[in-house]
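A.B. asks:
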Amino acid sequence: MLDKVEHVILVLSGKGGVGKSTVSTQLAMALRENGFKVGLLDIDLCGPSVPYLLGLESNDVYQCDEGWVPIYTDENKTLAVMSIGFLLKNRNDPVIWRGPKKTMMIKQFLTDVKWDELDYLIIDTPPGTSDEHITVMECMRDVKCEGAIMVTTPQGVALDDVRKELTFCRKTGVHVIGIIENMSGFVCPHCSNCTNIFSSNGGVELAKIAGVPHLGTLPIDPRLNVLVGTTRSVLTELPDSNTAHVLKSIVKQITSKEST
0 MLDKVEHVIL VLSGKGGVGK STVSTQLAMA LRENGFKVGL LDIDLCGPSV PYLLGLESND
60 VYQCDEGWVP IYTDENKTLA VMSIGFLLKN RNDPVIWRGP KKTMMIKQFL TDVKWDELDY
120 LIIDTPPGTS DEHITVMECM RDVKCEGAIM VTTPQGVALD DVRKELTFCR KTGVHVIGII
180 ENMSGFVCPH CSNCTNIFSS NGGVELAKIA GVPHLGTLPI DPRLNVLVGT TRSVLTELPD
240 SNTAHVLKSI VKQITSKEST
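Anchor point for the sequence shown: position 103 equals 102 in numbering that gives the first Met the number 0, and the numbering is continuous, going up by one each time.
#1: Please state the DSSP three-state secondary structure of His213.
#2: Where does the unbroken alpha helix (DSSP H) through Asp159 begin, and where does it stop?
#3: Measuring CB to CB, does Val150 end up less than 8 Å from Asn181?
#4: Using only alpha-carbon positions, find the residue among Ser82, Gly98, Met103 that is nearest to Ser48.
#5: Does the beta-carbon distance from Leu1 to Val142 come in below 8 Å?
#6: Quick one: residues in its chain with C-beta nearer than 7 Å to the C-beta of Gly215, no 5 flanking neighbours on either side, listed in chain order?
#7: Under the rule that 16 or more other beta-carbon atoms within 10 Å means buried, what is Lys100, buried or exposed?
#8: The alpha helix (DSSP H) with Val37 in it runs from where to where?
#9: For Trp67, which option in Cys144, Met104, Leu11 has the closest C-alpha, if you only look at C-alpha atoms?
#10: Cutting at 6 Å between CB atoms, please list the residues of its own chain near Leu78, excluding the five before and the five after it.
#11: Considering just the uninterrupted stretch of the beta strand (DSSP E) at Glu145, what are its terminal residues?
#12: CA-CA distance, Ala206 and Met139?
#13: Given a threshold of 16 other Cβ atoms within 10 Å of its Cβ, counted over all protein chains shown, does Ser317 qualify as buried or as exposed?
#14: Please work out which residues of its chain come closer than 6 Å, Cβ to Cβ, to Asp118, disregarding the five sequence neighbours upstream and downstream, and give them in chain order.
#15: Go through its chain and collect everything with a Cβ distance to Asn33's Cβ below 6 Å, but skip five positions before and after it.
#16: Note down, in chain order, each residue of its chain lying with its Cβ closer than 8 Å to the Cβ of Leu44, except the 5 sequence neighbours on either side.
#17: Pull up the DSSP beta-bridge partners for Asp123, would you.
#18: Please classify Asp118: does DSSP put it in a helix, a strand, or coil?
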């Protein structure tokens with residue numbers, strides 16, 4: 000039930016492996032650090048990594064009369080998390096489902112989770128433009144969805160897939176909030192210099208071509224590994240890092256647009 004949710008934001012990627020779930024979790028925690036109550040919904044059914052990234056895999060979810068109860072990461076309920084990963088007995092268990100069952104589960108996650116009052120709900124979606132995405136868009140028709148954030152890496156093959164995702168959003172009437180270029184350069188953990196081991200500025204150029212905002216460029220920073228398996232934000236743990244500065248800027252852009 001999304002009637003108590005003020006803002007819904009989809010996080011999309013045309014290609015898997017671009018760091019979409021990492022961006023989703025750190026964006027959710029960055030919003031929390033800015034004083035917002037946040038929900039994080041992981042509907043990547045075949046690759047639910049949010050419970051692992053937040054160290055919540057040992058938690059079990061249960062149902063009440065109003066639906067599924069999400070996992071809260073703190074007593075003040077500032078961050079609520081729901082994922083199919085909580086329903087699997089083992090993280091190595093594959094989800095081998097046909098389209099109709101996937102559609103049914105996504106609809107249930109979008110309509111039957113008992114969210115308390117939330118300022119933002121971040122929805123981590125599967126990669127691609129398949130039936131799961133069509134289901135999401137259909138369920139969003141009666142909900143105030145702010146739009147979608149696209150995550151890409153600077154390589155051409157990832158950018159090509161994001162172009163397809165942009166076309167999908169236009170055809171389904173989903174507003175594109177902007178593009179985040181992830182894994183752009185490698186930050187040395189010793190000297191903090193950034194080296195472009197792939198290409199760079201692909202997301203910037205794609206944003207210009209598509210006529211949508213470029214929200215920020217995030218590097219590969221090995222120091223972020225200490226945050227995996229925790230609910231700690233890069234804003235508090237690595238406040239001087241480039242990643243923290245970029246996330247602060249992204250949060251500012253998102254919240255300023257939605258307050259006007």
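The beta-carbon is built from N, C-alpha and C at its ideal position, and this holds for glycine as well. Given the structure is predicted, the values throughout are model-derived calculations rather than measurements.
C.D. replies: In short:
#1: Counted from its first residue, the sequence shown places residue 213 at position 214. Of the three classes helix, strand and coil, the one that applies to His213 here is strand, per DSSP.
#2: Here residue 159 corresponds to residue number 160 of the sequence shown, with the count starting at 1. Element bounds for Asp159: 155-171.
#3: Residue numbering aside, residue 150 sits at position 151 when the sequence shown is read from its first letter. Residue numbering aside, residue 181 sits at position 182 when the sequence shown is read from its first letter. Yes.
#4: As a working mapping, residue 48 is identified with position 49 in the sequence shown. Of the candidates Ser82, Gly98, Met103, the one whose C-alpha sits nearest the C-alpha of Ser48 is Ser82.
#5: On the sequence shown, position 2 is the one that residue 1 refers to. On the sequence shown, position 143 is the one that residue 142 refers to. In contact: Leu1 and Val142 (Cβ atoms closer than 8 Å).
#6: Counting from one through the sequence shown, the residue named residue 215 turns up at place 216. Cβ within range, chain order: Ile179, Val245, Ser248, Ile249.
#7: Within the sequence shown, the letter at position 101 stands for residue 100. Exposed: under 16 other Cβ atoms inside 10 Å.
#8: Within the sequence shown, residue 37 is the residue found at index 38, counting from 1. Val37 -> not in any alpha helix (DSSP H); beta strand (DSSP E) instead, spanning 37-41.
#9: Sequence index remark: in the sequence shown, residue 67 carries index 68 (1-based). The residue with the shortest Cα to Cα distance from Trp67 is Met104.
#10: As a working note, residue 78 is residue 79 in the sequence shown. Excluding positions up to five away in sequence, the list reads Arg31, Val37, Thr72.
#11: As a position in the sequence shown, residue 145 is number 146, starting the count at 1. Element bounds for Glu145: 144-151.
#12: Your numbering for residue 206 matches position 207 in the sequence shown. Your numbering for residue 139 matches position 140 in the sequence shown. Ala206 and Met139: Cα-Cα distance of roughly 24 Å.
#13: Coverage of the chain is limited to positions 0 through 259, which leaves residue 317 absent and any answer about it impossible.
#14: As a first step, residue 118 must be located in the sequence shown, where it is residue number 119. Excluding sequence neighbours, Asp118 sits near Glu5, Phe35, Lys36.
#15: The residue you call residue 33 lines up with position 34 of the sequence shown. For Asn33, where only same-chain residues beyond five positions count, the Cβ hits under 6 Å are Val250.
#16: As a position in the sequence shown, residue 44 is number 45, starting the count at 1. Here the set comprises Ile83, Val94, Trp96, Lys101, Met104, Ile105, Pro125, Glu131.
#17: Start at 1 with the first residue of the sequence shown, and residue 123 comes out as number 124. Val10, Asp41, per the DSSP bridge assignment.
#18: Here the question's residue 118 lines up with position 119 in the sequence shown. DSSP places Asp118 in strand when its eight states are reduced to three.
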